Each structure stands twice: as C-alpha cells, then as structure tokens.
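Residue numbers (my numbering): 4 to 344. A virtual CB, placed ideally from N, CA and C, is assigned to each residue, including glycine. Only a predicted model underlies this, so the values are computations on that prediction, with no experimental measurement involved. Here the structure comes first, spelled out in structure tokens, and everything after it is commentary.
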C-alpha cells in the first residue's frame, strides 16, 4: 500500500454519502493507494451454483470498453470460472493467478484470453469483498503490459481493506438514510462511543447498551485501541488493531462531531449467513467463512475473534455436521441453494 491507510478507511466508512458518491470516493482512494492501471471498474455480484448475477457497474478512468464488456462477459462464461475466484472469499489477486491453480475448461480460458487480448490488458487485478453467501463487490483494475509484477497479490493489508468494504456495504444496506457523519445519530441508538483528539471528552458519550458485560468490555477495549492508533497516526499498526467486526457482531466506524471532534462508534452489523439449525450463530459464521478457504487467522480478523476461538468453533461445527473441512464447500453450496429457494 503506497499511502497511509487512514484516508482509505475513512473513505470506506463515509456512510453519510449516497451510493454513487460513496462508490466514486472509495474508487478514487483505491486508485490513489494502488497507483497503477488506467482506471477502475466496480461491480456487485451474486454467485449461484449455475449462474452469476452482475449489476451496479461503475467505471472510473479510461476503461469504457472494459465496462461495456463486463456484463456480456459474465453471461458468456459459465459459473465454473467464478467459483475458483469467489470461493476464496475476501481477498486480492489477479485473474490469472486465481485461475492458475484450478481446473478451468479450455473454452472458458480462451474466452478470458481473447477478452484480455481485445482490451490490450495482460491481466485484471481484483479486490474482492465477499459475503459468506458468495455475494459482494469487486473493485477491478486492468493490468497493463509491463505492470504485471507491480500489483499486490494475496496482500494481507489489502485483504483486510476488503473485509471492511464488505462490512461497510452491509451497513449501507441496513441504514441507507442515516447520517453517519454526525455523531448525534448515535445518541439515538444503542452505540458505544470513544472520543479521539484533544477537543473531545473521552468516554463522555459512551454508554452501555443492552449487552453482556463481556461483550461491552470487548467493544470498549477495541474502540479505545483503534482510537488511540488513529490519534497517534501509527498507520503501520492501524489495520492490525481495527478488526472487521468485534465479537462477530459490531462494526467500528469513524465519526466526526458538530464541532470537529472525532469519535469511534460501534454499530451492530453481523454478516449475512444461511443458518443450519444444528449450529450456533458463531459456528455458522465460522463454518461459512471457512468454506471459502479462509484461514483461521483471516476468519479471526473478519469476525473479531481470537484464532484459538475460531479453531474451537470450527471443530465443534464439523463434529456436529459429521464432515471434514474439505467437505465444507459442498455443504455450503447446498445450504445456500436451500436458503435461497
């Protein structure tokens, strides 16, 4: 990442903007951080067993031909080519890297090669923010000849950025008309607040919502830690201390008050999951992220849990289901199809 992640994280959580403004603002910051490519294409998707749906396509920069081909390309290529891409869940990579290790039909590979050749690109770099139900958003940047080795592939910080994009997208869906830039919004809801900066009174706006003591303490501890790092501008450590969620349930959002004071707020925002009645909520969450091939460490960051807790939840779930970790993708595909019916 070529610049500090502060501006990028703030762009992700500018939830006061409308959808078009938010997308434009975030796309511009991703391009500035990346510093490569002729432009950026953003689109939403929902991957099913036999098809993929694509919509909300937005293009930035000199990539109009790429934008025009996006939806027809998704119609022409069978879902076989997308499962290797999106089954990995939230991550960043290039199309060729993602497909290299998987069996893809010659016909689909040829369609990809011809499309890239027609556009004059050597590859496509993609930042994929994927929900447990295999829906989400993609921020794609064309790779020009000669730039191939300069793009971050499977980069940990960029993957964490995508985790936050997925969380912010859920928030925008749940609260489309709330002004998240104004901390007065939070005073009307059960939120946890922590002040940042010399002009604020730390803890003055914090109040315990209807939570258990352990959950409340975990929220306050995490919010205060993120607030401290934002205040000190220790950008190298920011992504490590700012998890995707806290306890699989709460998102942390930067907020600016009416007098310029800075806050971190926690807002309830669990991931969308298809529930198997044999599992607890936390086991369902962990299992569905694990089905995407995510490591216990990445799942821990996404949900704001310890790595050991993720391992325990996963072991308990697999035992209840009577399957192995390698069987999870088949189990989840069937669970999702039943859930969507």
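CA-CA distance, residue 28 and residue 177?
-> Here residue 28 refers to the residue found at position 25 when the chain shown is read from its first residue. Here residue 177 refers to the residue found at position 174 when the chain shown is read from its first residue. When rounded, the distance between both Cα atoms is 20 Å.
Spatial neighbours of residue 32 in its chain, beta-carbon cut-off 8 Å, leaving aside the 5 residues before and after = Walking along the chain shown from the start, residue 32 turns up at place 29. Cβ within range, chain order: 10, 11 and 14.
Looking at residue 144 and residue 40, is the spacing between their C-beta atoms short of 8 Å?
-> As a first step, residue 40 is located in the chain shown; it is residue number 37 there, counting from the start. As a first step, residue 144 is located in the chain shown; it is residue number 141 there, counting from the start. Result yes, Cβ atoms of residue 40 and residue 144 sit closer than 8 Å.
Residue 102 to residue 131 span [Cα, whole Å] | Here the question's residue 102 lines up with position 99 in the chain shown. Here the question's residue 131 lines up with position 128 in the chain shown. Roughly 15 Å between the two C-alpha positions.
Consult DSSP for residue 245 and reduce its assignment to one of helix, strand or coil.
-> For the purposes of this step, residue 245 is taken as the residue at position 242 of the chain shown. The answer is coil: DSSP assigns residue 245 none of H, G, I, E or B.
Hey, how far is the Cα of residue 330 from the Cα of residue 127?
-> Your numbering for residue 330 matches position 327 in the chain shown. Your numbering for residue 127 matches position 124 in the chain shown. Spanning the two alpha carbons is a distance of roughly 30 Å.
Can you list, in chain order, the residues of its chain whose CB lies under 6 Å from that of residue 278, leaving out five sequence neighbours each side?
-> Start at 1 with the first residue of the chain shown, and residue 278 comes out as number 275. Excluding positions up to five away in sequence, the list reads 287.
Residue 75, DSSP secondary structure in three states = Here residue 75 refers to the residue found at position 72 of the chain shown. Residue 75 falls in the helix class under three-state DSSP.
Where residue 299 falls, given that 16 or more other Cβ within 10 Å makes a residue buried = As a working note, residue 299 is residue 296 in the chain shown. With 16 or more Cβ atoms within 10 Å of its Cβ, residue 299 is classed as buried.
Work out the CA separation of residue 123 and residue 303 for me, nearest whole Å.
-> In the chain shown, counting from the first residue as 1, residue 303 sits at position 300. In the chain shown, counting from the first residue as 1, residue 123 sits at position 120. Answer to the nearest angstrom: the Cα atoms are 39 Å apart.
What do you reckon, are the CB atoms on residue 248 and residue 307 nearer than 8 Å?
-> Residue mapping note: residue 248 aligns to position 245 of the chain shown, counting from 1. Residue mapping note: residue 307 aligns to position 304 of the chain shown, counting from 1. Cβ distance < 8 Å, so residue 248 and residue 307 count as in contact.
Hey, residue 18 and residue 171: beta-carbon distance below 8 Å or not?
-> Along the chain shown, one-based indexing puts residue 18 at 15. Along the chain shown, one-based indexing puts residue 171 at 168. Contact flag set, yes.
Per DSSP, what kind of secondary structure is residue 51 in: helix, strand or coil?
-> In the chain shown, residue 51 corresponds to position 48, counting from 1. In the structure shown, residue 51 sits in coil (DSSP, three-state: anything other than H, G, I, E or B).
With DSSP as the reference, please indicate the residues paired to residue 323 in a beta bridge.
-> As a working note, residue 323 is residue 320 in the chain shown. For residue 323, which the question treats as bridged, DSSP gives no partner whatsoever.
Return the first residue and the last residue of the alpha helix (DSSP H) that residue 170 is part of.
-> Residue 170 sits at position 167 when you count from the first residue of the chain shown. Unbroken alpha helix (DSSP H) run through residue 170: 159-177.
Taking three-plus beta-carbon pairs below 8 Å as touching, is the segment 65-72 in contact with the segment 42-52?
-> yes
Could you please give the first and the last residue of the uninterrupted alpha helix (DSSP H) stretch that includes residue 8?
-> As a working mapping, residue 8 is identified with position 5 in the chain shown. First-last of the alpha helix (DSSP H) with residue 8: 8-15.
Helix, strand or coil for residue 22 per DSSP?
-> Walking along the chain shown from the start, residue 22 turns up at place 19. Three-state result, residue 22: helix.
Looking only at DSSP bridge pairs, what is residue 100 linked to?
-> Numbered from its first residue, the chain shown carries residue 100 at position 97. Its beta-bridge partners do not exist; DSSP assigns none.
Which word fits residue 75, buried or exposed, when buried means at least 16 other C-beta atoms lie within 10 angstroms of its C-beta?
-> For the purposes of this step, residue 75 is identified with residue 72 of the chain shown, where counting begins at 1. That one is exposed.
Residue 150 to residue 64, Cα distance in whole Å?
-> Position 147 of the chain shown holds residue 150. Position 61 of the chain shown holds residue 64. Those two C-alpha atoms are separated by around 17 Å.
Return no unless some Cβ of chain D is closer than 8 Å to the Cβ of residue 75.
-> Looking for chain D here will not work: only one protein chain is present.
Residue 259 - containing beta strand (DSSP E), residue span = To locate residue 259, count along the chain shown from 1; it is residue 256. Looking at the DSSP string, the run of the beta strand (DSSP E) that includes residue 259 is 253-259.
Just tell me which of 56, 169, 154 and 26 has its CA closest to the CA of residue 273.
-> Here residue 273 refers to the residue found at position 270 when the chain shown is read from its first residue. The shortest C-alpha separation from residue 273 is found at 169.
In the DSSP assignment, what residue or residues form a beta bridge with residue 313?
-> Within the chain shown, the letter at position 310 stands for residue 313. Bridge partners of residue 313: none, in fact.
Residue 140 and residue 115: beta carbons closer than 8 Å?
-> To locate residue 140, count along the chain shown from 1; it is residue 137. To locate residue 115, count along the chain shown from 1; it is residue 112. No, these two residues do not count as a Cβ contact at 8 Å.
Which listed residue (252, 253, 163 and 338) has its alpha carbon closest to that of residue 280 = The count along the chain shown starts at 1 and reaches residue 280 at position 277. When each option's Cα is compared against that of residue 280, the closest is 338.
Which of helix, strand or coil DSSP assigns to residue 60 = Indexing the chain shown from 1 puts residue 60 at position 57. The answer is strand: DSSP assigns residue 60 an E or B state.
Mark residue 146 as exposed unless 16 or more other C-beta atoms lie within 10 angstroms of its C-beta, in which case mark it buried.
-> Taking the first residue of the chain shown as 1, we reach residue 146 at position 143. The residue in question, residue 146, is buried, as its Cβ has 16 or more Cβ neighbours within 10 Å.
What residues match up with residue 46 in a beta bridge as DSSP calls it?
-> Position 43 of the chain shown, counted from the first residue, corresponds to residue 46. Beta-bridge pairing links residue 46 to 141.
Residues bridged to residue 30 [DSSP beta-bridge criterion] | Your numbering for residue 30 matches position 27 in the chain shown. DSSP output for residue 30 lists no bridge partner at all.
As assigned by DSSP and simplified to three states, the class of residue 133 = Position 130 of the chain shown holds residue 133. Reduced to three states, the DSSP call for residue 133 is strand.
Residue environment, residue 109, which counts as buried when at least 16 other CB atoms sit within 10 Å | Position 106 of the chain shown, counted from the first residue, corresponds to residue 109. Classification for residue 109: exposed.
Per-residue burial, residue 284 [other beta carbons within 10 Å of its own, 16 or more giving buried] | Start at 1 with the first residue of the chain shown, and residue 284 comes out as number 281. So residue 284 counts as exposed.
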